[in-house]
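*Asks:*
Residue numbers (the working numbering): 3 to 128.
#1: For residue 121, which of 70, 36 and 34 has the nearest alpha-carbon?
#2: Within 10 angstroms of its Cβ, does residue 6 collect 16 or more other Cβ (buried), or is it exposed?
#3: Give the range of the alpha helix (DSSP H) segment to which residue 70 is assigned.
#4: Mind checking which residues open and close the beta strand (DSSP E) that includes residue 116?
#5: When we look at the beta-carbon of residue 44 and count the other beta-carbons within 10 Å, is it buried (16 or more) or exposed?
#6: If you reduce the DSSP assignment to three classes, tell me which class residue 82 lands in.
#7: Looking only at its own chain, which residues have a Cβ that is under 6 Å from the Cβ of residue 27, when we skip the five neighbours before and after it?
#8: Where do the ends of the beta strand (DSSP E) carrying residue 12 lie?
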């Protein structure tokens with residue numbers, strides 16, 4: 003007597019993974035997301051492996067998770083996967099203060115971000 007299954011929001015040939023509350027600004031994370039949007043999954047993994055950005059290793063783990071979800075949960079072919087969607091959003095901001103000269107304060111903001119990757123299986127060209 004459990005609750006009813008939630009409707010699937012993605013198509014049958016899609017799988018997703020999300021990363022929540024990662025300690026980087028959305029603007030910086032979006033630079034990495036932009037570099038892999040629309041790429042084949044293998045090429046995107048190679049791009050993230052050799053990227054100089056600090057966050058690229060976390061994004062690589064997220065992409066590997068999305069690929070594993072596609073393979074294990076939805077029985078999609080890994081060789082035909084591409085990145086359909088890579089969205090970045092703002093999570094929350096920790097606000098801190100730092101003492102400055104003449105009794106003033108300096109504001110320090112520490113932003114957090116969310117990211118979601120949707121991989122899709124390409125149809126075979128006939």
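Quick reminder that beta carbons are idealized off the backbone N, C-alpha and C, glycines included.
*Replies:* On the basis of the data shown:
#1: 70
#2: exposed
#3: 58-76
#4: 107-123
#5: exposed
#6: helix
#7: 113
#8: Segment: none, residue 12 is in no beta strand (DSSP E) and carries neither H nor E.
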